[in-house]
Every structure is written in C-alpha cells, then in structure tokens.
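**Q** Below you will find the structure I want to go over with you.
Number of protein chains: 2
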Amino acid sequence: MRFSTKLEVPVRAGRGERSRGQLLEAALVCFSHDGLEGASVRVIARRAGQNVASISYHFGGKEGLYREVLSQAVRRVSEAADMMRRELGEGSVQDPDEAIELLKRFFGSVFRVLIADKQGILLAPLIVREQTRPTAAFDVIYEGGMRRTHETVSRLVGLAIGVSAEDPVTVLRTHSLMGQFLGLITARETLLRRMGWKDFSGHNADAVMAVVEENVSVLLRGLRQQKKKKAGKS
Amino acid sequence: MRFSTKLEVPVRAGRGERSRGQLLEAALVCFSHDGLEGASVRVIARRAGQNVASISYHFGGKEGLYREVLSQAVRRVSEAADMMRRELGEGSVQDPDEAIELLKRFFGSVFRVLIADKQGILLAPLIVREQTRPTAAFDVIYEGGMRRTHETVSRLVGLAIGVSAEDPVTVLRTHSLMGQFLGLITARETLLRRMGWKDFSGHNADAVMAVVEENVSVLLRGLRQQKKKKAGKS
DNA sequence: GCTTTATTCAAACGATCGTTTGACATATTA
DNA sequence: TAATATGTCAAACGATCGTTTGAATAAAGC
C-alpha cells in the first residue's frame, strides 16, 4: 500500500512512488508501440529498471498497468476539449463563424498534442488502437474524455452549420471531421513516406495543419450555404 | 510443391490446393481480428480443419501465410481504383465537375467494399493495421495497389480543384480525403455505439455514405471557388 | 507391380509469455 | 530496539507460442 494505515493521506512520497512512475513511463512507450497483448512485461520492467514482479505488485498485473497508462493518456489529450467546453459553457460563442473559429483552434490543439508533439507519437496509437479493437479498458478512454469531446464538437458543428447538435447527421459529420485525425494518425507512416518527410515537425506540421484547418472551414461554410439554399427553395 | 517437376504447369488442382484455400480463408478472419502477431497458427489451423504443420508446409510459415492473405485483400480493394484509372486513362474526364462525380463514385465503391460489405469487415482492419504499424509485408499493400490508388485520386483531386496533382498540398488533401475511410474504419465500433447501430447495413450505410459523398463534393467545390477568388484578387 | 512425389498428422522442441513465490532489504511504528 | 509494514528481486510455474520432425497415407510416374 502507498497510504498510511491510520490516515487516508499519503504519509510521504513512498519509495514505490518512484518505481510506479518509471514503470508508467516505460509502459507508455511499450504499449503504444506494441499494444496491450504485444508488449511484454519483462521488456517494460527492464526499460523501467525494475523487476518483473513489480508490475504485479504496483498495478495488480499487466492490465492494471495498461489501464493506468490509458487513463493518463486520455487525460492529457482531453485538455483541449475541456478548455473548449468551458468557453462554450460561458455562452460567448453564438454565431457560426465564431463556432468555426473555435473548432479550428480546437483542431489545432488536438493536432499539436496528438500528431506534431513528440509525446503524441506515444499517445495517439494507444487511443487509436483502443478504437479499432476495444479491450476491457475501452471505457477508460470513452468515459474519460472521448464522449465529452464528441458532444462538445457536435454542439459546435451544429452551431456552425445551423442545425441541431442531436441530429444524427450532425453526429455523423462530427465523426467525419474528427476522423481526419484518425486518418492522419493511422496513415502517419504512409503519409511521411509519400511526402518524403522524416516527421511532423516545423514546416511539415504547419502544412498538414493548414490543410486540416482549411478543410474544417471550407466544409462547414459550404454546408451552411448549402443549407441556406435549400431553405430558400422550399 | 504444387507443380509438376517436369512442366511448369499445375498438373491438376492438387489436393493441397483445397487445404491452401481453407487456410487462407481461416487466416483472413484471424489475422484481421488479431493481427500478425496476435493470431495463433494453431487457431488458424483448427478453424481451417487442418493440421498446424500444414501452414509451414504450404506457406513456409506464419509470415508467408500473412503475406498471401494481404495480397489477396489488397487485390480486391484496389479493383475500384483500377476501374477509375481506366476511365481516367481514356481521357473522358476533363472538367472539374466530372472529376468530382468520378471521385464520389470511387468513394462509394471503396465504402461498399471496405465498410458496408460483410467481407470488408475482414479486409479493412488488415490494411489499416498495416498502415499504423507496417510489418515486413507493408510493401505487399503499398505496391500492390495503395500507391496506384493514391496517384489516381491525386490526379482527380487536382482536376477537381484546378491545381497540379504533384503539388504537395494536393497530395495532403488527397490523404485527408481518403483519410475519411481510415477514420470510419478506425472508429467503427465507437461510431456504431454512438449511433446506436448494430452494423453498417441498409439505411445506416446510406446515411454514412451520404455524408462522405457530401463532404467530397462540398469540400472540393469550396476549394475550387476559394482558388478562383484568390486568383481574381491577385 | 514398384518407386517417387505430394500431403497429412501427432508429437516434441525450444523460446517466451504473465504471474506467483518466498527470501531479503528497507523504512515506519510502537 | 523489536515489531511491522513496504518494497525489491531471482527463481520457478504452467501455459502458449511458431516451427520441426518423422512416420503414415495417397496419388502419379515408370
């Protein structure tokens, strides 16, 4: 146990706390690279400079460690969405153009955290893998941030186009928009090869981000105009 | 060996040919579900009604079987792109609107093969996984169809917007467009849950497809108009 | 017929997997 | 200081992995 038996407060940053941290750090790298089943506890332990048994001791086993890693990852990624939701909650966003601007900013944040950032190379595959083939830890991601994020983006998409956020088509469009990242993350290697890039740093990230932002604004504005036309006709 | 030692022609559909087929069929299911490393040769063999050793015998090992499965999968998916390229080669496509129409048709084909079709549930994860984390068999997919497909779509995107197909931005936009599928495939489970669907059949597929097609036309038309405006200003 | 080739199959091989064990070291409590 | 948690570590456990072996079976060539 990491807590005193008498008080419910951590007495001191126990010596185990350091081990836990090192295990989590090593596990993030391994799970990101090889997935839950593919990663080996022995490799994780060696990379962390710890004994194999320490994983069972500190996290109850491989799966417990995995859940903890996922939890930390999704917390970091969701920060952008949480900030966006706060702005949205304050009611400062009213007209479509503002919504589009906010969405562009949001996509920029996610892009930086998930793709351009060095740590993102570790976070993204974790989350993507859990989408493709959910393990028992899927809820850690979904309830830990994914659901909130999707709902918030849906509201903004609805605002931008001028439709209800609950409309199934709006939900589909939200998925489609956010799917851009899944596409970028998923085809990361292919895209890098095709462009002849080494990574998504500097100019490269700017170029990709520009396309993403352009897509968001052109698409949403186009859909809004299309809706206006139809409304005018009927 | 499946061939006569004297003639380079298969003497008869050897008894082994049947085993090979059953192994390939079972392997497609297993590799699609669990990936190259995750799938077990014993499970594959049992599902195929064959002995474990038959995999090494017929395909030289697990990896050989995997390559063969990949090869067949990419061949099936690339059919849509090949048809599109033939039309493009005949020079019947000239103006942007035609290009957009052809792209919409192409995306429809890919969508049906990769997402709506029952077999697609098997093909898609195979290809996506190879994108996220390329194995030694990556070239089977890339050279087996992916490259041709991307080049063809790039040409059409260039035609639709009125820019060069070799422009890096055009390549990025092509990736972004095709990434829609990666997004749909990757988040398949999440999307189904969110929409309360069981699968992508019937109305569900139509609804998703409608959004995808709308995205393609609205985005490309919007980009074309944007380009016209800019050209007019300068 | 006999020989050769193609195919199937149960068994065993060595390697690696996640987890558990029990001794040992270290820190906290009384 | 004695007693008690807390943390570390080498070793072993049983299970599963992909591959290989060698004998048994079936078809084809001569």
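Same order as they appear, the protein sequences are chains X and A. Per the numbering used here, the very first residue in the first sequence carries number 12; after that it's consecutive. Per the numbering used here, the very first residue in the second sequence carries number 12; after that it's consecutive. Positions of the beta carbon are idealized from the N, C-alpha and C atoms, including for glycine.
(1) Which residues bound the alpha helix (DSSP H) around A:V139?
(2) Kindly indicate which residue of A:V151, A:L230, A:V88 has the alpha-carbon position closest to the one of A:G75.
(3) With H, G and I counted as helix, E and B as strand and the rest as coil, what does DSSP make of A:G156?
(4) At 4 residues or longer, and completely inside the segment 142 to 229 of chain X: list those alpha helix (DSSP H) runs for me, N to C.
(5) List, in order along the chain, the chain A residues whose C-beta lies closer than 7 angstroms to that of X:L183?
(6) Can you tell me which of the three DSSP states X:V104 falls into?
(7) Give a yes or no on contact between the segment 116 to 136 of chain A and the segment 230 to 239 of chain A, applying the rule of three or more CB pairs nearer than 8 angstroms.
(8) From this set, A:Y153, A:A37, A:F122, which residue's C-alpha is nearest X:E200's C-alpha?
(9) For A:L18, which residues in the same chain have their Cβ closer than 8 angstroms to its Cβ, ignoring the five residues on either side in sequence?
(10) First and last residue of the alpha helix (DSSP H) that includes X:R31?
(11) If you draw a straight line from the C-alpha of X:N226 to the C-alpha of A:A127, how long is it?
(12) Chain A partners of X:R232, CB-CB under 8 angstroms?
(13) Give a yes or no on whether 7 angstroms exceeds the smallest Cβ distance from X:A92 to chain A.
(14) Among X:S82, X:T163, X:L183, X:L188, which one has its Cα closest to the Cα of A:F211?
(15) Going along chain X in order, which residues have a C-beta closer than 8 angstroms to the C-beta of A:R205?
(16) Can A:A92 and A:T160 be called in contact, C-beta distance under 7 angstroms?
(17) Note the first and the last residue of the continuous alpha helix (DSSP H) segment covering X:I66.
(18) Would you check if there are 3 or more beta carbon pairs closer than 8 angstroms linking the segment 57 to 65 of chain X to the segment 101 to 112 of chain X?
(19) If you measure from the beta carbon of X:Q191 to each beta carbon in chain A, is any gap under 7 angstroms?
(20) Would you mind giving the Cβ-Cβ distance between X:M95 and X:F122, rounded to the nearest angstrom? I have them listed as a contact below 8 angstroms.
(21) What whole-angstrom Cβ distance do A:V88 and A:L35 have, given they're in contact under 8 angstroms?
(22) Can you list, in chain order, the residues of its chain with a C-beta nearer than 7 angstroms to that of A:S103? Leave out the 5 residues immediately preceding and following it.
(23) With a CB to CB cut of under 8 angstroms and the five nearest residues on each side skipped, what residues in its chain are close to X:Q33?
(24) According to DSSP, is X:D93 part of a helix, a strand, or is it coil?
(25) Could you check whether the Cβ of X:E48 sits closer than 7 angstroms to any Cβ belonging to chain A?
(26) With the cut-off set at 7 angstroms, would you say A:L125 and A:G131 are in Cβ contact?
(27) Whole angstroms are fine: how far does the CA of X:G213 sit from the CA of A:F149?
(28) In terms of residue numbering, what span does the alpha helix (DSSP H) encompassing X:R58 cover?
(29) Taking a cut of 7 angstroms between CB atoms, which residues from the segment 120 to 152 of chain A lie near chain X?
(30) Among X:T181, X:N215, X:V229, X:M157, which one has its Cα closest to the Cα of X:S165?
(31) Do X:V219 and A:L234 have their C-beta atoms closer together than 7 angstroms?
(32) Could you check whether A:A198 and X:L193 sit closer than 7 angstroms to each other, using their CB atoms as the reference points?
(33) Considering Cα atoms alone, identify which of A:P179, A:R86, A:D178, A:T185 is closest to A:L114.
(34) Consider the Cβ of A:V85: report whether some Cβ of chain X lies at a distance smaller than 7 angstroms.
(35) Please list, in chain order, all residues of the same chain as A:W208 whose beta carbon is under 7 angstroms from its beta carbon, the five residues on each side excluded.
**A** In brief:
(1) 131 to 143
(2) A:V151
(3) A:G156 falls in the helix class under three-state DSSP.
(4) 149 to 152, 158 to 172, 179 to 197, 199 to 206
(5) By Cβ distance, chain A contributes A218, V219, V222.
(6) coil
(7) no
(8) Closest option to X:E200, Cα to Cα, is A:Y153.
(9) Here A:L18 scores only 31 on pLDDT, less than 50, and its place in the model is too uncertain to base an answer on.
(10) 26 to 49
(11) Rounded to whole angstroms, X:N226 to A:A127 spans 25 angstroms at the Cα level.
(12) G233
(13) no
(14) X:L183
(15) Here the neighbours are H161, V182, H186.
(16) yes
(17) 64 to 70
(18) no
(19) Cβ-Cβ to chain A under 7 angstroms: yes for X:Q191.
(20) 14 angstroms between Cβ atoms; not a contact.
(21) About 16 angstroms separates the two Cβ atoms, so there is no contact after all.
(22) none
(23) A59, G60, Q61
(24) helix
(25) yes
(26) yes
(27) 28 angstroms
(28) 52 to 59
(29) P136, V139, Q142, T143, P145
(30) X:T181 is the residue among X:T181, X:N215, X:V229, X:M157 whose C-alpha sits nearest the C-alpha of X:S165.
(31) Contact check for X:V219 against A:L234 fails: the beta carbons are separated by 7 angstroms or more.
(32) yes
(33) A:T185
(34) no
(35) N215
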